[in-house]
Amino acid sequence: MADLSSLFQLAQQAQGRLTEIQTRLAQETITAQAGGGMVTATADGRGQIREIKIDPEAVKSGDLELLEDLVLAAVTQAQQRAAERYQAEVKKLTAGLPLPFQLPL
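In the numbering used here, the protein residues as written are 41 to 145.
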């Protein structure tokens with residue numbers, strides 16, 4: 041029964057550290073650009089988009105479909121980078137721990 045108790049304590053510690061990681065990542069910013077910098081998307085470390093900037097030159101062209109594609113590309117890239125950052129942090133957290141389960145990614 042001592043092994044089960046130790047495992048439970050490890051899981052609680054891991055959960056606490058995961059919460060710390062999530063809090064820290066919420067304060068980080070990740071930026072991605074598309075169209076040579078015509079569109080910039082900024083997300084927090086959890087992948088929530090916080091800002092979109094569009095170069096006025098991108099609007100002047102009048103190509104709305106291209107602008108939509110650039111916005112989508114920048115947002116997707118920012119969210120992907122945030123997810124990769126989160127996964128890297130969780131991987132560091134769980135490295136070497138004898139956990140019989142996976143923490144949520």
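Built from N, CA and C at the ideal position, the CB exists for glycine as well.
Mapping DSSP to helix, strand and coil, what is R125? Of the three classes helix, strand and coil, the one that applies to R125 here is helix, per DSSP.
What first and last residue would you give for the alpha helix (DSSP H) that runs through A98? Its alpha helix (DSSP H) spans residues P96 to K100.
Residue burial classification, L107 (beta-carbon count within 10 angstroms, cutoff 16): Counting Cβ neighbours within 10 Å, L107 comes out buried, since at least 16 surround it.
G77 versus A122 - alpha carbon distance: Counting only the Cα atoms, A122 lies some 19 Å from G77.
Report all residues from its chain with a CB closer than 6 Å to the CB of I92; omit the five preceding and five following residues, and keep chain order. Taken in chain order, the residues that qualify are A81.
Which stretch, first to last residue, makes up the beta strand (DSSP E) that contains D84? Start and end: V79 to D84.
Roughly how many whole angstroms lie between the Cα atoms of V115 and L44? Using only the alpha carbons, I get a separation of about 44 Å.
Within the same chain, show all residues whose beta-carbon is closer than 6 Å to that of A74, passing over the 5 residues directly before and after it, in chain order. The beta carbon of A74 sits closer than 6 Å to those of L110, A113 and A114, all from its chain and outside the five residues before and after it, given in chain order.
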